[in-house]
Amino acid sequence: MLIFAISGKGGTGRSVTSTNIVYRHALQGNDVCYLDFDFGSPTAGAIFSVGAVARGTRRHGLHEYLRGDCAEPHQVDVWSESDREGLRTRPPEAGRLVLLPGSEGGGELSGGNEDMVRRCVQLFSRLNEEFDLCMVDVSAGRSYTAELVLNATARLPSIPFRWLVFHRWTRQHIIAADGLVRGDDGLLDAGARLGHDPEALRDRIRFVRTAVLEPDAAELVGLRDEQRAWLFACDQELRELAGRHKVGRTAMLGKIPLDPILQWREQIISDEDVLASKIANAETASAFDELAKKIVDDTAWEGL
Amino acid sequence: MLVMGEVHTGLLQSSGEIPESACRDVLHLMSGETVRLSRRPMIYAVSPDLLTGVDCRLPSASRSRIRGVGTVVSHSSITGGRVVQGSSYARVERAETDRRLAWSHYLARPGVIEVLGKAKSSDLGDGFIGDPQPNGLDLGSISARFMDVVQSSPLLDRRAPFKVARTKVRWVAQPGDPAIRFTLNADQTRTIRIAHSGDFTPAVVDLCEDLALHDWLLTTLLLIVERARIGGRAGPEVVAKLAPAVDHLLHLWMPAARVDEALVPYWHGLEDRMRFTAQWERLVRRIRDQLTLNDAAMLRSARHP
């Protein structure tokens, strides 16, 4: 299964959320890999605390692979190469957790060619042999990268894939998420042009809300009544807006609560962060855990 | 001088084993050429040999710049309707002149790479077996492509019963007193060094492919047993995790079945040291014991609900 992580705007927490989902999916006993296709800023290594590839790799990164400069991309075994002690011990029930970093200083892909699409098809096809789940971080907005992976998946009809569109719970983000999917040259448009059936493609797209602050959250207990009333009203307005833009509850796969730890540092939230040092909220970890199950749960992906 | 090759092995991307006729269709890479097929002791199908032209730097342990021109022979194969291999090799020989000749010259000697200039056979062999060097002869990526052709066949449903990485076996054969050495590296790569008396024959390639097949079977069975976490979860769950091994792998172990009689002693030599079959049989017994235990538990609970 291939999962593509994308967002309408930058700063949604797409990378940190998708890395955490992959980490939880590995803990659930699956062999997983994470492909850093965010070519402008390949920093997934930093989130997994692999210092050596914090800003991409110097040798055989995904850029080089897609451009045909190396035969196989560099793979990093997170369980053995992470600098964080908590990530370096692979729990007995966990599957493999492998990162394919981008190239350091690689830059955005701009207008590729047929060879690049072919190499992308080959990459997905080989990784699908080896891993239960491949998460591909496609970066924000419309890009050649998004088009590349749409093109590749159109040529791999028997490999299942799904898209996660990340957005924050704000006006601009809701509108941007909808635009990215349904707008001109959005995913559905571009997908149809590249040979996908638009309806089938639409059923493979779900939204994930990030940094969500529920108006009745415990953190808001200290607010004045006026502030709380204002928040409720805002939330209500956003719900209506989301419904109109088809980004509402039915198209939503899950939401990640606002957690200070993710605002301060993009990192993997381990159970130790929740239970021992208590720097992260249990709700955040369980939201990741639940999403990690839902991405492969067919009942959560039944046609809308 | 020497022969170098690389074999990649992996699980065929289909839900079940595929029949003889499908093997034939999947391996039919080139029109006009036939797929060779043998039914005993196990269904084994191999594509026609195809050539890849190369003009590139050859591996060298001393990092010398050695240029080679010629062709690499490759084929894809399917064993038991279940395991795919992509295999490439080339005989490296000294060229008679130091300049590159017309392609017709090299095409007349399929599977030979001619070395332009000086080169030592041991330097080439050590360089090939060691870390792959950038921008040089890369038999691995040719073999990987020959696997891809099979794996991406539209005739396969791509719903393999479990996920498993391909293994890569790099081998070097040189004339000398008969000897064989098999080395397991930390990742999915293994190396084989063979010294053979007399001239090189393609039977050496068959031997390496057979070793690669059995190494993959053993590696995969170990992985399945590890993933099952025997003792770490409930019996029925363990059995469910072990089931793919019973369905798809256990019947495929048949060491040296396709190896030329003259080369069988190499297999025996490796067995004495590496105990492949002993380890395989122990794993199989362990799996069967788990099945038996689980059956007994189910019977007990059926009698005393």
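Protein chains in written order, with UniProt numbering: chain A, 1 to 304; chain B, 1 to 305. We put the CB at the ideal spot given by N, CA and C, even for glycine.
- Endpoints, the beta strand (DSSP E) within which residue 56 (chain B) is located: The residue given as residue 56 (chain B) occupies position 56 in the second sequence. Judged by DSSP secondary structure, residue 56 (chain B) falls within the beta strand (DSSP E) whose first and last residues are 50-57.
According to DSSP, which residues form a beta bridge with residue 171 (chain B)? By 1-based counting over the second sequence, the position of residue 171 (chain B) is 171. B:5, B:192.
What are the residues that DSSP puts in a beta bridge with residue 263 (chain A)? Indexing the first sequence from 1 puts residue 263 (chain A) at position 263. DSSP lists no partner for residue 263 (chain A).
Less than 9 angstroms separating the beta-carbons of residue 195 (chain B) and residue 173 (chain B)? Along the second sequence, one-based indexing puts residue 195 (chain B) at 195. Along the second sequence, one-based indexing puts residue 173 (chain B) at 173. Yes, Cβ-Cβ distance for residue 195 (chain B) and residue 173 (chain B) is below 9 angstroms.
Practice item. Kindly say whether residue 125 (chain A), judged by its beta-carbon, lies nearer than 9 angstroms to any beta-carbon of chain B. Key: Taking the first residue of the first sequence as 1, we reach residue 125 (chain A) at position 125. With 9 angstroms as the cut-off, residue 125 (chain A) counts as an interface residue toward chain B.
When the cut-off is 9 angstroms and only beta carbons count, does residue 74 (chain B) lie next to chain A?
Numbered from its first residue, the second sequence carries residue 74 (chain B) at position 74. By this cut-off, residue 74 (chain B) is not an interface position.
*Does the pairing of the region 164-172 of chain A with the region 53-66 of chain A give three or more beta-carbon distances under 8 angstroms?*
Taking 8 angstroms as the limit for Cβ pairs, the verdict is that the region 53-66 of chain A does not touch the region 164-172 of chain A.
TODO: Take residue 67 (chain A) and list the residues in its own chain whose beta-carbon comes closer than 6 angstroms to its own, dropping the five residues that flank it on each side.
DONE: Position 67 of the first sequence, counted from the start, is the residue given in the question as residue 67 (chain A). Once the five neighbours on either side are set aside, residue 67 (chain A) has no close Cβ partner at all.
- Taking residue 133 (chain B) as part of the alpha helix (DSSP H), name the residues at either end of that continuous run. As a working mapping, residue 133 (chain B) is identified with position 133 in the second sequence. Here residue 133 (chain B) belongs to no alpha helix (DSSP H), and DSSP marks it neither H nor E.
Note to self: Please identify the residue among B:57, B:34, B:79 whose C-alpha is closest to the C-alpha of residue 69 (chain B).
What the structure shows: Translated into the one-based positions of the second sequence, residue 69 (chain B) becomes position 69. Ranking the options by Cα distance to residue 69 (chain B), first place goes to B:57.
Item checked: Contact list for the region 152-173 of chain A against chain B, Cβ threshold 7 angstroms -> Of all residues in the region 152-173 of chain A, 158, 159 have a Cβ within less than 7 angstroms of some Cβ in chain B.
Practice problem: Rounded to whole angstroms, what's the CA-CA distance from residue 26 (chain A) to residue 97 (chain A)? Just pull it up for me. | Solution: By one-based count along the first sequence, residue 26 (chain A) stands at place 26. By one-based count along the first sequence, residue 97 (chain A) stands at place 97. Answer to the nearest angstrom: the Cα atoms are 6 angstroms apart.
- In the DSSP assignment, what are the bridge partners of residue 161 (chain A)? Taking the first residue of the first sequence as 1, we reach residue 161 (chain A) at position 161. DSSP lists A:2 as partners of residue 161 (chain A).
Next item on the list: Figure out for me which residue from B:128, B:182, B:138, B:22 has the closest Cα to the Cα of residue 269 (chain B).
Entry: On the second sequence, position 269 is the one that residue 269 (chain B) refers to. Each of B:128, B:182, B:138, B:22 was checked against the Cα of residue 269 (chain B), and the nearest Cα belongs to B:182.
Review point. In chain A, what lies closer than 8 angstroms to residue 148 (chain B) by C-beta?
Key: Counting from 1 along the second sequence, the entry for residue 148 (chain B) is found at position 148. When 8 angstroms is used as the limit between beta carbons, residue 148 (chain B) is near these residues of chain A: 122, 125, 126, in chain order.
Residues in the same chain with beta-carbon distance under 8 angstroms from residue 197 (chain B), minus the five sequence neighbours each way, listed in chain order, please. The residue given as residue 197 (chain B) occupies position 197 in the second sequence. If the five residues before and after residue 197 (chain B) are omitted, its C-beta is found closer than 8 angstroms to the C-beta atoms of 175, 176, 177, 178, all from its own chain and listed in chain order.
Notebook entry, point to check: If we call anything under 9 angstroms between Cβ atoms a contact, is residue 158 (chain B) one with residue 82 (chain A)?
Noted result: Here residue 158 (chain B) refers to the residue found at position 158 when the second sequence is read from its first residue. Here residue 82 (chain A) refers to the residue found at position 82 when the first sequence is read from its first residue. No, these two residues do not count as a Cβ contact at 9 angstroms.
**Message:** Between residue 16 (chain B) and chain A, is any beta-carbon pair separated by less than 9 angstroms?
**Reply:** As a first step, residue 16 (chain B) must be located in the second sequence, where it is residue number 16. Output row for residue 16 (chain B): interface = no.
Looking at the C-beta of residue 138 (chain B), does it have a partner C-beta in chain A at a distance below 9 angstroms?
Within the second sequence, the letter at position 138 stands for residue 138 (chain B). Closer than 9 angstroms to some Cβ of chain A, the Cβ of residue 138 (chain B) qualifies, so yes.
Segment contact, 8 angstroms Cβ cut-off, at least three pairs: the region 38-49 of chain B with the region 7-26 of chain B
At 8 angstroms Cβ cutoff, the stretches touch.
- Task: Can you grab the Cα-Cα spacing for the pair residue 118 (chain A) / residue 69 (chain A), in whole Å?
- Result: Walking along the first sequence from the start, residue 118 (chain A) turns up at place 118. Walking along the first sequence from the start, residue 69 (chain A) turns up at place 69. In a straight line, the C-alpha of residue 118 (chain A) is about 14 angstroms away from that of residue 69 (chain A).
So with CB distances below 9 angstroms, who are the chain B contacts of residue 94 (chain A)?
Residue numbering aside, residue 94 (chain A) sits at position 94 when the first sequence is read from its first letter. What residue 94 (chain A) touches in chain B: nothing, since even the nearest Cβ is about 11 angstroms away.
task = Flag residue 71 (chain A) as yes if its beta-carbon sits less than 9 angstroms from any beta-carbon of chain B, otherwise no.
result = Taking the first residue of the first sequence as position 1, residue 71 (chain A) is located at position 71. Taking Cβ atoms only, chain B reaches closer than 9 angstroms to residue 71 (chain A), which makes this a yes.
Worksheet item: Mind checking whether residue 61 (chain B) and residue 127 (chain B) have CB atoms under 9 angstroms apart?
Response: Counting from one through the second sequence, the residue named residue 61 (chain B) turns up at place 61. Counting from one through the second sequence, the residue named residue 127 (chain B) turns up at place 127. Contact: yes.
Q. Quick one: what does DSSP say residue 254 (chain B) is sitting in, helix, strand or coil?
A. Along the second sequence, one-based indexing puts residue 254 (chain B) at 254. In the structure shown, residue 254 (chain B) sits in coil (DSSP, three-state: anything other than H, G, I, E or B).
| message | For a contact defined as C-beta to C-beta under 8 angstroms, what are the partners of residue 129 (chain A) on chain B? | response | The sequence position of residue 129 (chain A) within the first sequence is 129, counting from 1. Residues of chain B passing the Cβ test: 10, 11, 13, 151, 160, 163, 164, 165, 166.
### Query
In terms of residue numbering, what span does the beta strand (DSSP E) encompassing residue 75 (chain A) cover?
What you label residue 75 (chain A) is simply residue 75 of the first sequence in a count that begins at 1. Run containing residue 75 (chain A): none; DSSP gives neither H nor E here.
Considering only DSSP beta bridges, list what residue 45 (chain B) is partnered with. As a first step, residue 45 (chain B) must be located in the second sequence, where it is residue number 45. Answer is B:37, B:78, bridged to residue 45 (chain B).
*For the region 7-20 of chain B and the region 275-293 of chain A, state whether three or more C-beta atom pairs, one from each stretch, are separated by less than 8 angstroms.*
Short answer: they don't touch.
Does any residue of chain A have a CB that is nearer than 9 angstroms to the CB of residue 127 (chain B)? As a first step, residue 127 (chain B) must be located in the second sequence, where it is residue number 127. Judged by the 9 angstroms Cβ criterion, residue 127 (chain B) is not in contact with chain A.
Requested in this report: Could you list the residues in the region 230-259 of chain A with a C-beta less than 9 angstroms from some C-beta on chain B, going in chain order?
Outcome: From the region 230-259 of chain A, no residue has a Cβ closer than 9 angstroms to chain B.
| query | So is residue 31 (chain A) in contact with chain D if we call contact Cβ pairs under 9 angstroms? | reply | The structure shown contains no chain D; its protein chains are A and B.
Using only CA atoms, which one of A:169, A:267, A:211, A:154 lies nearest to residue 195 (chain A)? For the purposes of this step, residue 195 (chain A) is identified with residue 195 of the first sequence, where counting begins at 1. Of the candidates A:169, A:267, A:211, A:154, the residue whose Cα lies closest to the Cα of residue 195 (chain A) is A:154.
Can you tell which of A:251, A:92, A:38 has the C-alpha that lies nearest to the C-alpha of residue 143 (chain A)? Here residue 143 (chain A) refers to the residue found at position 143 of the first sequence. Comparing Cα-Cα distances from residue 143 (chain A) to each of A:251, A:92, A:38, the minimum goes to A:38.
(message) Contact criterion: CB-CB distance below 9 angstroms. Does residue 81 (chain B) meet it with respect to chain A?
(response) On the second sequence, position 81 is the one that residue 81 (chain B) refers to. Not an interface residue.
By the criterion of Cβ-Cβ separation under 7 angstroms, what are the contact partners of residue 141 (chain B) in chain A?
As a working note, residue 141 (chain B) is residue 141 in the second sequence. Chain order gives the chain A residues near residue 141 (chain B) as 71, where near means a beta carbon separation below 7 angstroms.
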